[in-house]
Amino acid sequence: MPPNLDERGLSNNSKSHMKNLKRYLLLIKFSTKWFFKNVVNFFVIIYCLVRGKHSQRRSIFYRELISAQNVLSYTNSYWRILDKQYSANIEIYKEYVEENSYDIVRNRQVEMLKALDRVIQKKSFDSIVGDEKNSELTWVMSTGRCGVDALDRYFKLSKDHFSIHREFFKDEMYYAHRSTLTTKSYVFHKFFYNNASDAEIESIIKTFLSKRIKTISRRKGKKWVFCEHCDTVWLPIILRIFPSSKIVFLSKNPKEVIRSYMSKQQYSSAQEMPLSPSQDKLMFKTLFGLMCWFYTYINMYISIHCELIGNDQRILSVNGEDLMGANLDTYEKLNKFLGMSISQKQYMEHFGGRYNSKSHRSKYSGFPEIEKWPDSYQDLLELFSTQIDGKIDISPRANACALASGNQ
0 MPPNLDERGL SNNSKSHMKN LKRYLLLIKF STKWFFKNVV NFFVIIYCLV
50 RGKHSQRRSI FYRELISAQN VLSYTNSYWR ILDKQYSANI EIYKEYVEEN
100 SYDIVRNRQV EMLKALDRVI QKKSFDSIVG DEKNSELTWV MSTGRCGVDA
150 LDRYFKLSKD HFSIHREFFK DEMYYAHRST LTTKSYVFHK FFYNNASDAE
200 IESIIKTFLS KRIKTISRRK GKKWVFCEHC DTVWLPIILR IFPSSKIVFL
250 SKNPKEVIRS YMSKQQYSSA QEMPLSPSQD KLMFKTLFGL MCWFYTYINM
300 YISIHCELIG NDQRILSVNG EDLMGANLDT YEKLNKFLGM SISQKQYMEH
350 FGGRYNSKSH RSKYSGFPEI EKWPDSYQDL LELFSTQIDG KIDISPRANA
400 CALASGNQ
């Protein structure tokens with residue numbers, strides 16, 4: 000017999016209590032790990048203080064501040080505290096957005112590209128690039144959490160393509176994670192604020208190429224696809240050093256991207272951070288604000304450089320929701336853009352499943368569901384994301400079912 004209402008209620012309560020118990024056990028586990036890690040960091044900070052390494056000391060502080068917030072994100076109270084913080088400090092974010100509007104950032108990038116082109120013309124990088132200079136190399140550019148992992152698995156179905164997601168060899172990895180002063184954040188803000196000297200630009204190019212060419216050389220005659228968002232900040236270099244390169248600009252609805260990052264504790268100091276022009280401090284320090292910045296300005300940066308290259312044949316915009324929904328128009332565009340012969344049946348079967356969902360991380364998160372976001376979250380996201388409204392492809396299209404009978 001089915002359980003009566005009281006029994007069902009008791010069963011649901013038991014499940015709720017068990018879920019809360021597991022959440023708090025996780026909280027204790029991660030808090031303990033964070034505490035003991037910072038016992039070591041305490042001595043590192045003392046060393047930095049004695050040696051005058053102030054930027055390293057500050058960077059460690061920021062890293063652990065973000066790490067602590069990821070631990071606290073398992074609690075509901077943390078997100079309520081942030082709601083009050085954003086309501087009280089919205090003017091700080093407004094000021095930043097006004098000083099870094101789309102038009103202002105675009106003008107900065109135009110000026111930055113003059114310096115980049117000057118360095119490329121004066122210095123020869125052909126000795127590093129070699130025969131790969133005019134190869135058809137493809138990069139997927141995105142914020143992540145848009146379907147990148149699933150897209151990589153799709154590319155791997157093609158016998159003519161060599162797709163890289165996280166299959167790096169040790170000597171190919173160079174993203175130095177020095178807390179918030181990562182290689183990615185350093186390069187991004189040198190370009191974002193247009194404050195890189197010619198010598199710094201030359202060093203950035205050489206460091207990038209010396210590592211990435213090693214990855215490219217493993218393609219063994221196949222068409223190479225870099226299906227990972229960690230090369231995004233080097234986009235203007237890629238577009239110019241490799242004149243036959245192509246870009247798949249993968250984007251998704253901001254609420255879905257942020258929900259995925261926040262509920263799965265994915266936004267850490269290893270991501271790009273909103274550093275000041277002097278690159279020695281964080282402009283914002285709370286997770287949701289950082290995520291709104293990240294979504295807006297990484298997408299803005301990609302959009303601007305894809306536009307400024309002035310060649311639509313090299314750029315394909317893909318909506319992540321269309322991709323994960325097996326949209327048939329997206330199927331045709333991908334196959335044509337990359338010269339693939341993957342069948343429509345394979346495409347439909349592949350994107351019929353889920354990839355890289357990390358559901359075990361979100362199960363116990365205290366981050367609110369999208370429909371329960373407080374007004375301060377809605378206002379903050381709108382403040383940032385309106386800067387790129389209409390600039391990126393985030394509106395999913397209806398599936399072209401009429402194509403379903405073709406090309407199986």
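Just so you know, the sequence shown maps onto residues 0 to 407 in numbering that gives the first Met the number 0. Here a beta-carbon is modelled for each residue, glycine too, at the ideal position from N, C-alpha and C.
query = Measuring CB to CB, does residue 228 end up less than 8 Å from residue 109?
reply = no
inquiry  = On a Cα-Cα basis, can you pick out the residue from 158, 313, 265, 56 that is closest to residue 144?
reply    = 265
message = With DSSP as the reference, identify every bridge partner of residue 160, one or two as the case may be.
response = 222
query = How many whole angstroms separate the CB atoms of residue 190 and residue 140, which I take to be in contact at a CB cut-off of 8 Å?
reply = About 14 Å separates the two Cβ atoms, so there is no contact after all.
Nearest-angstrom Cα separation, counted from residue 340 out to residue 69 = Each residue's alpha carbon lies about 42 Å from the other.
query = According to DSSP, is residue 69 helix, strand or coil?
reply = helix
key: Cα-Cα separation between residue 163 and residue 80, rounded to whole angstroms   = 40 Å
request  = Would you kindly check if the distance between the Cβ of residue 288 and the Cβ of residue 379 is under 8 Å?
outcome  = yes
task = With residue 327 as the anchor, note down where its alpha helix (DSSP H) starts and where it stops.
result = 327–337
task = Please determine, among 204, 395, 95, the residue with the shortest C-alpha to C-alpha distance to residue 125.
result = 204
key: Alpha-carbon to alpha-carbon, residue 370 and residue 183   = 33 Å
task = Might you give, ordered along the chain, the residues of its own chain that have their beta carbon closer than 8 Å to the beta carbon of residue 89, omitting 5 neighbours on each side?
result = 375, 378, 379, 382
query = Under 8 Å, do residue 44 and residue 59 count as touching if we go by C-beta distance?
reply = yes
inquiry  = Between the alpha carbons of residue 405 and residue 159, how many angstroms are there, rounded?
reply    = Only weak support is given to the placement of residue 405: the predicted model assigns it a pLDDT of 43, under 50, and the question is left unresolved by the model.
ask   = Do you know how far the Cα of residue 216 is from the Cα of residue 157?
value = 18 Å
inquiry  = Measuring only the C-alpha atoms, how far is residue 230 from residue 373?
reply    = 34 Å
query = Buried or exposed: residue 195, going by 16 or more other Cβ atoms within 10 Å of its Cβ?
reply = buried
task = Put residue 287 into one of helix, strand or coil per three-state DSSP.
result = Helix, per DSSP.
inquiry  = Give me the DSSP bridge partner(s) of residue 64.
reply    = Beta-bridge pairing links residue 64 to no other residue.
key: Runs of alpha helix (DSSP H) lying entirely within the segment 101–174, each at least 4 residues, in chain order   = 101–121, 125–128, 147–154
query = Can we say the segment 308–327 touches the segment 344–353, given the rule of at least three CB pairs closer than 8 Å?
reply = yes
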